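**Student:** Counting in UniProt numbering, the sequence shown runs from 1 upward without gaps. Glycine included, each C-beta is placed from N, C-alpha and C at the ideal position. Computed from a predicted model, the values in this text were never measured in an experiment. My questions all concern the structure below.
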Amino acid sequence: MAGERSLADRLNHLFARHTARSGQEYSNEQVAAAIAGTGVTISQSYIWQLRKGKKDNPTFKHLQALAGFFGVPVSYFFDDEVTDRVDEQLKSLQDEQSRLNELTSGSDAQLMAMRAGELSPDRRRLVMELLDVVYRQEQAERGEG
1 MAGERSLADR
11 LNHLFARHTA
21 RSGQEYSNEQ
31 VAAAIAGTGV
41 TISQSYIWQL
51 RKGKKDNPTF
61 KHLQALAGFF
71 GVPVSYFFDD
81 EVTDRVDEQL
91 KSLQDEQSRL
101 NELTSGSDAQ
111 LMAMRAGELS
121 PDRRRLVMEL
131 LDVVYRQEQA
141 ERGEG
C-alpha cells in the first residue's frame, strides 16, 4: 500500500494527520516558518512544490527538517514499513484524541476539571479516589466490570 505512495503523497498525509491547535491543517507557510526557526532554510513555495510532486528529490537536510516538524523518522519518506507503522500510530493517536475531545466537550466535564484545578493536591487526590469508586460502581452496574 505505502509502496505506491510518492513523496508528495506521504508529505500530504503528514499534513492531513497533524493539525495546529485550531484544528486546521498547517499551511506551507507555517511549516516553512517553523523549520526556519530551527536554522534550516526552506520556502513555503518549495514545500508546495514537494506536496504537488513538482519537486521530488529534496536534500537530506530538508527531509530531516520536515520529519522533525512532523515528529516522524526521516525514513518515513522512503521506507514503506516505517511509513505503514507510523501511519498506524498516527491513526491511533488521532482516534484517542477524538475520544478525549468527546469526553471533555461536555460542559459538566469541563466544569469538574476547572474546579478540580483549583483544589489543593490532597483534595484533588480525594476527588480522584471518589471518581474511581463511582466509575467502578457504574461499570459494575452496566456489567462491564
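Helix, strand or coil: which one does DSSP assign to Thr19?
**Tutor:** Here Thr19 sits in strand by DSSP.
**Student:** Considering Glu129, what are the terminal residues of the alpha helix (DSSP H) in which it resides?
**Tutor:** Its alpha helix (DSSP H) spans residues Pro121 to Arg142.
**Student:** Going by DSSP, what residues sit across from Glu25 in a beta bridge?
**Tutor:** Paired residue(s): Thr19.
**Student:** For His18 and Leu111, I'd like the C-alpha separation in whole angstroms.
**Tutor:** Roughly 28 Å separates the two Cα atoms.
**Student:** If residue 182 sits next to Gly37, beta carbons under 8 Å apart, how far is it from one beta carbon to the other, in whole angstroms?
**Tutor:** Missing from the structure shown is residue 182; the chain here goes from 1 to 145 and no further.
**Student:** Tell me whether the beta-carbon of Val31 lies closer than 8 Å to the beta-carbon of Phe69.
**Tutor:** Yes, they are a contact pair.
**Student:** Taking all protein chains shown into account, do 16 or more other C-beta atoms lie within 10 angstroms of the C-beta of Tyr76, making it buried, or fewer, making it exposed?
**Tutor:** Buried, by the Cβ-count rule.
**Student:** Please report the residue range of the alpha helix (DSSP H) in which Thr104 lies.
**Tutor:** From DSSP, the alpha helix (DSSP H) with Thr104 extends over Asp80 to Thr104.
**Student:** Which value, in whole angstroms, describes the spacing of the CA atoms of Met1 and Thr83?
**Tutor:** Residue confidence for Met1 is low, a pLDDT of 46 falling below 50, so the modelled location carries little weight; the figure read from the coordinates is stated next. Taking the straight line joining both Cα atoms gives about 10 Å.
**Student:** Output the distance between the C-alpha atoms of Val133 and Gln139, rounded to the nearest integer angstrom.
**Tutor:** So the two alpha carbons sit approximately 10 Å from each other.
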